[in-house]
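*Asks:*
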Ligand SMILES: [Zn+2]
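In the working numbering, the protein residues as written are 64 to 218.
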């Protein structure tokens, strides 16, 4: 899947792995090992035996969808439900932190106005509820309300 789609799925709360440039064989092994569903627009990938035998689940993205539509297609196609957001950068879990703990990394204005702060348990990136987060929430809600045609069968 593309990096942008992985980031959106993580914000949506979906545990999403993305490794740029990974070879198909390595991708299949990784997905089998971690019991993941493979999302890709690469039709050739889904001709592999593991998909034909349903040993590995996959969702084939139609070619040419824009990011927003890809996101909606995957959410509807896999029947995903919004959960607590994960780190968009690394897929780590976000943990709530106190304002005083992030005072040195959050801009002063945001430190005053933001309602909540979270830190990634893996990479340490800090997130807070600001205008950017409100835009993300609006997209999440519009995705949940939109209709997208999607099929689970990758073939
Ligand atoms: Zn992170």
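Don't be surprised by glycine CBs; every beta carbon is placed ideally from N, CA and C. What you are looking at is a predicted structure, and each value in this text was computed from that prediction instead of being measured.
#1: Out of curiosity, what's the CA-to-CA distance linking residue 106 and residue 123?
#2: For the alpha helix (DSSP H) that contains residue 205, what are its first and last residues?
#3: Residue 193 and residue 173 look like a contact to me (Cβ under 8 Å); what is the Cβ gap, rounded to whole Å?
#4: Could you tell me whether the segment 68-79 touches the segment 132-150, where touching means 3 or more Cβ pairs closer than 8 Å?
#5: So residue 94 and residue 119 are supposed to be a Cβ contact under 8 Å. How far apart are they, rounded?
#6: Is there at least one non-hydrogen atom of ligand 1 closer than 6 Å to the beta-carbon of residue 122?
#7: Near ligand 2, which residues have their beta-carbon closer than 6 Å to a heavy atom?
#8: Could you round the C-beta distance between residue 143 and residue 183 to whole angstroms and report it? I think they count as a contact, below 8 Å.
#9: Confirm, please, whether the CB-CB distance from residue 145 to residue 203 is below 7 Å.
#10: Which residues bound the alpha helix (DSSP H) around residue 133?
#11: Within its chain, find whatever has a CB closer than 6 Å to the CB of residue 208; leave out the 5 residues flanking it on each side and keep chain order.
*Replies:* This is what the structure holds:
#1: On the chain shown, residue 106 is found 43 positions in, with the first residue counted as 1. On the chain shown, residue 123 is found 60 positions in, with the first residue counted as 1. Cα to Cα, the separation comes out at about 7 Å.
#2: Translated into positions along the chain shown, residue 205 becomes position 142. Element bounds for residue 205: 194-208.
#3: By 1-based counting over the chain shown, the position of residue 193 is 130. By 1-based counting over the chain shown, the position of residue 173 is 110. Rounded, the Cβ-Cβ distance is 5 Å, consistent with contact.
#4: yes
#5: As a position in the chain shown, residue 94 is number 31, starting the count at 1. As a position in the chain shown, residue 119 is number 56, starting the count at 1. Rounded to the nearest angstrom, the Cβ distance from residue 94 to residue 119 is 6 Å, consistent with a contact under 8 Å.
#6: By one-based count along the chain shown, residue 122 stands at place 59. Checking the Cβ of residue 122 against ligand 1 gives no.
#7: Within the structure as shown, ligand 2 is missing, the only ligands being ligand 1.
#8: On the chain shown, residue 143 is found 80 positions in, with the first residue counted as 1. On the chain shown, residue 183 is found 120 positions in, with the first residue counted as 1. Residue 143 to residue 183, Cβ: 21 Å. No contact.
#9: Position 140 of the chain shown, counted from the first residue, corresponds to residue 203. Position 82 of the chain shown, counted from the first residue, corresponds to residue 145. Closer than 7 Å, so yes.
#10: Sequence index remark: in the chain shown, residue 133 carries index 70 (1-based). Here the alpha helix (DSSP H) through residue 133 covers 130-140.
#11: Position 145 of the chain shown holds residue 208. Nothing listed; no residue qualifies.
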